[in-house]
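Trainee: Got a structure here, written out as C-alpha cells. Questions coming.
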C-alpha cells in the first residue's frame, strides 16, 4: 500500500509539474523536476531516469547493450535490478537469429506493481 501511495505521489507531481512547464523557459520547472527526482530517490531508491526504464520494461523487448553503454544508461537500469524492480538478462542472439549482445529488462512483481499504479 505504501508503494501505491508513493507511486501516486510521483504521478500526481508529474501531472501538475508538466503543464506548468509548457511553453516556458522553465527555470522553476527545472528545479521542480530536480525535486521530483530527489523525492523518487528518497521514496523508491531510484531516480526518474530509472523510472522511465521501469515504465518501458517488457520481457518481449531486446535492447542493444552497446547502445545502452554508449548512452550511459546502464547505471539507471542496474539501479532497478539492485532495488528488486526488474530482473536483467543478457542474451547474445535474438529469437530471429540476429547475433549481438542484447539486454532484456523483465519487471518483477514489485516492479509490475509500480507500472500498474502509474499506468492505470
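Numbering (my numbering), first residue to last: 698 to 817. For every residue, glycine included, the Cβ atom is placed at its ideal position computed from N, Cα and C. From a predicted model like this one, the values you see are computed outputs, not experimental measurements.
When DSSP labels each residue in this structure, what does residue 812 get in the three-state scheme?
Mentor: As a working note, residue 812 is residue 115 in the chain shown. Here residue 812 sits in helix by DSSP.
Trainee: Please state whether the Cβ-Cβ distance between residue 751 and residue 803 is less than 8 Å.
Mentor: Position 54 of the chain shown, counting from 1, holds the residue named residue 751. Position 106 of the chain shown, counting from 1, holds the residue named residue 803. Their beta carbons are not under 8 Å apart, which means residue 751 does not touch residue 803 by this criterion.
Trainee: Starting from residue 755, follow its DSSP beta bridges and name the residues at the other end.
Mentor: The residue labelled residue 755 in the question sits at position 58 within the chain shown. 802.
Trainee: Taking all protein chains shown into account, decide if residue 806 is buried (16 or more other Cβ within 10 angstroms of its Cβ) or exposed.
Mentor: Residue numbering aside, residue 806 sits at position 109 when the chain shown is read from its first letter. By the 10 Å Cβ count, residue 806 comes out exposed.
Trainee: Hey, out of 748, 741, 739 and 727, whose CA is closest to residue 669's CA?
Mentor: No answer is possible for residue 669: it lies beyond the span of the chain, which begins at 698 and ends at 817.
Trainee: Quick one: grab the DSSP three-state call for residue 790.
Mentor: As a first step, residue 790 must be located in the chain shown, where it is residue number 93. Three-state DSSP puts residue 790 in a strand.
Trainee: On the three-pair Cβ rule with 8 Å, is the region 786-805 touching the region 756-764?
Mentor: Verdict: yes, contact present.
Trainee: Taking the alpha carbon of residue 786 as the reference point, which residue from 746, 756 and 742 has its own alpha carbon closest?
Mentor: Numbered from its first residue, the chain shown carries residue 786 at position 89. The shortest Cα separation from residue 786 among 746, 756 and 742 belongs to 756.
Trainee: Using CA atoms only, rank isn't needed, just tell me which of 772, 764 and 728 is closest to residue 746.
Mentor: Translated into the one-based positions of the chain shown, residue 746 becomes position 49. Answer by Cα proximity: 772.
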